[in-house]
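Peer 1: Got a structure here, written out as structure tokens. Questions coming.
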């Protein structure tokens, strides 16, 4: 499964990525909602894990745009 992790905290991205990779998932990462939106449109992940509170574009706005 291709999973996109969108979070402004690099440590959270790495921790979640590491754990999901152990289960064989392909991980894609983005550091804010704007980058995450662009990445989601180009990579078409199966699942998106999204932080709500982020700079540039928050998780709620990102989710609405992706919908």
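In my numbering, the protein residues as written are 309 to 375. Just so it is clear, CB atoms sit at the ideal spot from N, CA and C, and this is done for glycine as well. Computed from a predicted model, the values in this text were never measured in an experiment.
What number of angstroms, rounded off, separates the C-alpha of residue 334 from the C-alpha of residue 351?
Peer 2: About 11 Å.
Peer 1: Under the DSSP definition of a beta bridge, which residues are partnered with residue 338?
Peer 2: Per DSSP, 314.
Peer 1: What are the uninterrupted segments assigned as beta strand (DSSP E) that are 3 or more residues long and contained completely in the region 346-371, given in chain order?
Peer 2: With a minimum length of 3 residues, the continuous beta strand (DSSP E) runs that stay inside the region 346-371 are 355-358.
Peer 1: If I measure Cβ to Cβ from residue 359 and keep anything under 6 Å in the same chain, skipping five residues before and after, which residues do I get?
Peer 2: Counting only Cβ-Cβ distances below 6 Å, and skipping sequence neighbours, we find 315 and 367.
Peer 1: Using the rule of at least 16 other Cβ atoms within 10 Å of the residue's Cβ for burial, across every protein chain shown, is residue 357 buried or exposed?
Peer 2: Residue 357 should be labelled buried.
Peer 1: Exposed or buried, which one is residue 362 when buried takes at least 16 other CB atoms within 10 Å?
Peer 2: So residue 362 ends up on the buried side.
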